[in-house]
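Going by the UniProt record's numbering, the sequence shown opens with residue 1, and the numbers climb by one from there. Notes follow once the structure below has been shown.
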Amino acid sequence: MAPIRVGEPDVRPDATAHVAGVREGNAVGSYEREPGHHGDGTADARRSTGIRPHDRDPISPSMPNLSPG
C-alpha cells in the first residue's frame, strides 16, 4: 500500500474540543429559539427545511402538520 500524503493540521492536537461562549444544541432554552418549534411541543416544516417551508405545510387546516423528514 502506498503511503498517504496529508497536509499540515489546521489545529493543534491538544486543542480543547469546546469553546466557552459557544451555544450548544442541548442547552436549556435552545428548543424555544429554533425556528419551526412551538411552545406546545409541536413543530412545522420550518423545523426540517428552510426551502419554501410554507409549501410543505398542510393544504387544509384540518390535516395534521407532519414535518418533512
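Using N, Cα and C, we set each Cβ at its ideal position, and we do this for glycine too. Only a predicted model underlies this, so the values are computations on that prediction, with no experimental measurement involved.
Exercise. To the nearest whole angstrom, what separates the beta carbons of R47 and G36, a pair I think is in contact under 8 Å?
Worked result: For this step, residue 47 is matched to residue 47 along the sequence shown. For this step, residue 36 is matched to residue 36 along the sequence shown. Between G36 and R47 the Cβ distance is about 3 Å, and since that is below 8 Å, they are a contact.
Problem set entry | Inter-residue Cα distance where the pair is E57 and D44 | For the purposes of this step, residue 57 is taken as the residue at position 57 of the sequence shown. For the purposes of this step, residue 44 is taken as the residue at position 44 of the sequence shown. The identity of residue 57 in the sequence shown is Asp, whereas the question assumes Glu. Each residue's Cα considered, the two are about 7 Å apart.
For this session: Assuming N26 contacts T42 (C-beta within less than 8 Å), just tell me the rounded distance between them.
Result: Locating residue 26 in the sequence shown gives position 26, where the first residue counts as 1. Locating residue 42 in the sequence shown gives position 42, where the first residue counts as 1. Not confirmed; about 20 Å, so no contact.
For this session: Name the one or two DSSP bridge partners that H37 has.
Result: By one-based count along the sequence shown, residue 37 stands at place 37. Partner(s): A43.
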